[in-house]
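K.L.:
Letter by letter, the sequence shown follows residues -13 to 286 in my numbering.
Quick reminder that beta carbons are idealized off the backbone N, C-alpha and C, glycines included.
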Amino acid sequence: MNQVINFNSPVTQAISFWKLYLEDQGRSIHTIKAFISDVNLLASFFPPDREIGEVTTKDINNFLDWMQNKRGIPCSPKTLSRRITSIKSFFKWLQTKGVITMDPAEKVVQKSVISPLPKVLSLSEINLLLDSANKHRVSKKPDARAYTLIKLLLETAIKKGECLTLTTNHIDFDAPNGPIIFIRYASPQNRYKERKIALSEEWIASFNEYKSQYDLTEKLFPWSQRRLEYILEEIGKEAGLENQVSFLMCRWSSALLDLDNGIESNKIRQKLGISKIQWREIYGKLRKLQAQSEPNLVES
């Protein structure tokens, strides 16, 4: 790397090599696009010939001030936070590769953005949702699809993208401690998210009914993302729920239910498949949600 770019290379040239590095690391195209756009905006703030080694902390702070107050284009707190993250990642990479000895972005203050608390289902709403889904399961023309989907989301807290990639091969019915489902990732970059999550006998029973009703030779849920979202929305409406039911709502509700049931926090983190750094914010939100719902935890 040092033979290609060095202390005196233009910032724009360094960005091109950082893009190649991000691609080699298997980062998503959306992440790469955002990161490169952010640092290109920084580069456009400098003279075209600005060298990597000339960039100072003051330069970066001046850029951030210009972007927020003088550019004339609104910059939301979320966008500002992401752009600072992009800049810090870029210069940290340059330092790690030995291109620069001092990281000018290290002392730039990160503007963290705490998003609003997510919508979650109460225990009574979860029961209403499952009851509505179960009505389809036991109707004259039995259809266990909705119940199997919703029950899986509430038991495992998996994400929408993870659900869409599942196949029947991801289920181990004969695991030593009971049935489990494997959450797997193709990219080595995401291997830390892989995990095994326990499945209840109740879900297995529903799955066996569901399996006899649909062709599951390819995917566990062989429908489009929008179709599965529509199933959640419709069952929620049938249950008379005020808020629209979504994959994200089920994920948060599952994690909150585990917390309410006294599951150790690190086990919840592992079940969610997130890093310890991500867990700090998520755990804080779960605790706030728990505090808000405590008066209603015990049903009459």
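Measure from the alpha carbon of E267 to the alpha carbon of each residue in S101, N229, P34, then state which is nearest.
P.N.:
Nearest option by C-alpha distance: S101.
K.L.:
Considering only residues of the segment 191 to 245, which uninterrupted alpha helix (DSSP H) runs meet the minimum length of 4 residues and lie entirely inside it, listed in chain order?
P.N.:
DSSP runs (the alpha helix (DSSP H)) wholly in the segment 191 to 245: 211 to 224.
K.L.:
Would you kindly work out how many angstroms separate the C-alpha atoms of Q256 and E180, rounded to a whole number?
P.N.:
Answer to the nearest angstrom: the Cα atoms are 9 Å apart.
K.L.:
Determine the DSSP secondary structure at I59, reduced to helix, strand or coil.
P.N.:
In the structure shown, I59 sits in coil (DSSP, three-state: anything other than H, G, I, E or B).
K.L.:
Pick out whichever of F3, Q54, L214, A241 has its Cα sitting closest to the Cα of R131.
P.N.:
Closest option to R131, Cα to Cα, is L214.
K.L.:
Taking Cβ positions, are D24 and S72 nearer each other than 7 Å?
P.N.:
Contact flag set, yes.
K.L.:
Taking 8 Å as the cut-off, does the segment 156 to 173 touch the segment 87 to 97 (at least 3 CB pairs, one atom from each stretch)?
P.N.:
With the cut-off at 8 Å, the segment 87 to 97 and the segment 156 to 173 do not touch.
K.L.:
Quick check on the DSSP output: the alpha helix (DSSP H) that includes A184 runs from which residue to which?
P.N.:
Unbroken run through A184 is the beta strand (DSSP E), 181 to 184; no alpha helix (DSSP H).
K.L.:
Need the endpoints of the alpha helix (DSSP H) that I254 sits in, please.
P.N.:
Where I254 is concerned, the enclosing alpha helix (DSSP H) stretches over 251 to 258.
K.L.:
Which of the three DSSP states, helix, strand or coil, is assigned to V(-3)?
P.N.:
Three-state result, V(-3): helix.
K.L.:
On a CA-only basis, which of E224, R13, G12, I46 is nearest N26? Give me that one, please.
P.N.:
Looking at the Cα atoms, I46 is the closest of the given residues.
K.L.:
Given 8 Å as the limit, is there contact between the segment 49 to 63 and the segment 5 to 14, that is, 3 or more CB pairs closer than that?
P.N.:
With a cut-off of 8 Å, the segment 5 to 14 and the segment 49 to 63 do not count as touching, because too few Cβ pairs lie within range.
K.L.:
Between P33, I86, S118, which lies nearest to E220 when the distance is taken from Cα to Cα?
P.N.:
Answer by Cα proximity: S118.
K.L.:
DSSP three-state call for I18: helix, strand or coil?
P.N.:
Helix, per DSSP.
K.L.:
Determine the direct distance from the alpha carbon of H156 to that of G248, and round the result to whole angstroms.
P.N.:
G248 and H156: Cα-Cα distance of roughly 28 Å.
K.L.:
Whole-angstrom Cβ separation of V106 and L245, contact assumed at under 8 Å?
P.N.:
Not quite, the Cβ-Cβ distance comes to about 11 Å (not below 8 Å), so this is no contact.
K.L.:
Give me, in chain order, the residues of the same chain whose beta-carbon lies closer than 8 Å to that of R237; leave out the 5 immediate sequence neighbours on both sides.
P.N.:
Once the five neighbours on either side are set aside, the close Cβ partners of R237 are L139, A143, I144, K145, L258.
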